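One structure is given below, encoded as structure tokens.
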Amino acid sequence: MSLFYFILIVTIITSEFLSWFNERRDHDLEEGERTIYQPEDNPHSSHQAGVRNNLRIWASLDRLVEDIEARKRQNQQALEKLPSPVNYGSKEVASAYIVCVICLEEFENGQSCQVFSQCNHIFHSNCIGRWLKRRLTCPICRVSVSDV
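Residues are numbered in our numbering as their position in the sequence shown, beginning at 1, plus a constant of 137.
Next up, the structure:
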């Protein structure tokens with residue numbers, strides 16, 4: 138949620154800067170006076186335009202936050218579909234791998250490991266947990282976790 142407020146503040150500051158910049162540009166003496174012909178200079182209409190612009194920005198930010206939250210839910214659901222961890226050296230783990238490719242440390246009997254069922258790649262449970270928070274793929278063959 139703090140990301141949302143940060144984006145909102147940056148957007149409002151950017152919007153205000155662009156409004157100020159456009160006003161300054163219209164009255165730049167070096168470029169000559171730019172006259173914008175309007176039937177009537179109404180301060181309320183420029184305020185209304187600013188409000189409409191801010192509402193559009195707010196709606197865009199709201200959609201962005203919803204998309205991020207939906208992606209987080211999808212990632213969590215994909216992680217929950219993974220098979221349960223197994224102990225290295227048990228009969229469930231028949232692997233030619235002796236080293237976790239993430240931390241490059243050797244597997245030891247009894248360590249909690251995660252085996253991807255589709256590709257049979259094996260990793261320390263804590264290593265693959267950190268990896269999957271960033272990328273939902275196998276670190277070796279890049280098969281998607283949702284396919285596992």
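Note that CB positions come from ideal geometry on N, CA and C, so glycine has one too. Quantities reported herein were computed from a predicted structural model and do not represent experimental measurements.
Boundaries for Cys-264: no beta strand (DSSP E) harbours it, while the alpha helix (DSSP H) harbouring it runs 262-271, taken from the DSSP string. Around the beta carbon of Leu-269, 16 or more other beta carbons sit within 10 angstroms, so the residue counts as buried. Comparing C-alpha distances from Ser-227 to each of Asn-257, Cys-250, Glu-153 and Arg-267 shows the shortest one belongs to Cys-250.
Put simply, of Val-252, Phe-253 and Tyr-234 the residue whose alpha carbon is nearest the alpha carbon of Phe-244 is Tyr-234. Pairwise C-beta distances place the stretch 259-267 out of contact with the stretch 188-207, as fewer than three of them are shorter than 8 Å. When the five nearest sequence neighbours on each side are left out, the beta carbons in the same chain lying within less than 7 Å of the beta carbon of Thr-274 are those of Val-280, Ser-281 and Val-282, in order along the chain. Ranked by how close their Cα comes to the Cα of Thr-148, the residues Ala-215, Cys-256, Cys-278 and Arg-193 have Arg-193 in first place. The C-beta distance from Tyr-225 to Gln-248 rounds to 5 Å, short enough to meet the 8 Å contact threshold.
Contact annotation: Pro-276 and Val-238 have beta-carbon atoms nearer than 7 Å.
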